[in-house]
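Here is the structure we will look at.
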Amino acid sequence: MSKTKSLTHDSIMKALDWSYDKAINGGVPGMDTAIELADSYLQKSGTLDEKVKNLILWQNTKSATSGFLTGLGGLITLPVAVPANITSVILVQMRMVAAIAHMGGYNLKDDQVKSFVYACLAGNGAKDILKNAGIQIGKKLAVTGIKKIPFEVIKKINQAVGFRLLTKFGEKGIINLGKMVPLAGGIIGGTVDAVATNTIGNVAHKLFIHEQKSKKMDEPEIIDML
């Protein structure tokens with residue numbers, strides 16, 4: 001009776017697209033958009049690094065509680081053939097990464113930025129995905145540099161992320177990624193794996209903040225994910 005058996009690459013990609021749309025444009029009761037979340041942290045005191053780290057920390061505590069996920073009950077009706085508990089994990093982590101990208105000055109409406117947000121969801125696997133897509137490792141990538149990445153490469157990155165997540169959710173299932181338990185009325189409870197969320201947050205921090213800050217005026221063609 002495992003719902004993970006119904007997972008396909010296509011359904012994972014649809015879940016990613018659905019989650020990105022909700023993270024950016026809203027529509028989930030009780031959840032601020034990624035931009036609203038980012039702006040709330042940008043208004044706090046401290047350096048940009050400190051603000052991003054605080055955001056990641058928050059995602060590993062309050063956002064990983066059943067109280068936060070209770071507001072995601074609307075996921076039950078989502079038109080995607082992916083269990084709501086898995087989609088809720090994707091949405092929570094997607095919003096965190098998108099918020100970090102926004103804090104780094106990236107336009108979340110750009111397809112290239114969207115693809116890099118997707119890549120971060122692969123955690124430590126993001127480096128290999130980008131490398132295999134032809135994006136070399138070793139230098140920095142400026143905000144303007146991302147826009148130069150051709151559509152073919154973006155498509156390759158997105159497809160690779162889909163396969164990586166399909167394997168991740170299909171083999172390990174929801175036990176390792178979020179102990180979700182359907183409650184009365186279709187409300188979702190449980191916790192998002194803090195270790196996985198922290199790893200994803202750190203990858204996003206490295207990609208969208210650290211490297212951007214260290215070489216802000218350049219427009220290089222490759223990324224340092226080390």
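Per this note's numbering: the sequence shown = residues 1 to 226.
The C-beta atom is built at its ideal place from N, Cα and C for all residues, glycine as well.
Treat the numbers as computed from the prediction; the structure is a model and nothing was measured.
Judged by beta-carbon spacing, I146 lies within the 8 Å limit of V113, meaning their Cβ atoms are closer than that value. By the criterion of at least three beta-carbon pairs nearer than 8 Å, the region 8-26 is in contact with the region 92-110. If you compare the alpha carbons of T197, S11, F163 with that of N60, the shortest gap goes to T197. In the DSSP assignment, A119 falls within the alpha helix (DSSP H) that extends over 111-120. A23 is the residue among D10, N85, A23, S11 whose C-alpha sits nearest the C-alpha of A101. One thing to note: V117 has its Cβ no nearer than 8 Å to the Cβ of S11. Going by beta carbons, A119 and L130 fall inside the 8 Å limit. Nearest in C-alpha terms to L121, of all of E36, D128, V97, is V97.
A Cβ-Cβ distance of about 5 Å is found for the pair F169 and I86, placing them in contact under the 8 Å criterion. Of the residues D128, T33, I149, N124, the one whose Cα lies closest to the Cα of D110 is I149. For A133, same chain residues with a beta-carbon under 7 Å away, outside a window of 5 residues either side, are V153, K156, I157, A160 in chain order. Taking the Cβ atoms as the reference, L207 lies roughly 26 Å from L7, outside the contact range of under 8 Å. Between the alpha carbons of A84 and G26 lies a distance of about 17 Å. Of T199, H205, P29, H210, the smallest CA-CA separation from S88 is found for P29.
Burial of H205 is indicated by the presence of at least 16 other C-beta atoms within 10 angstroms of its C-beta. Residue state for V97 is assigned as helix, using DSSP reduced to three classes.
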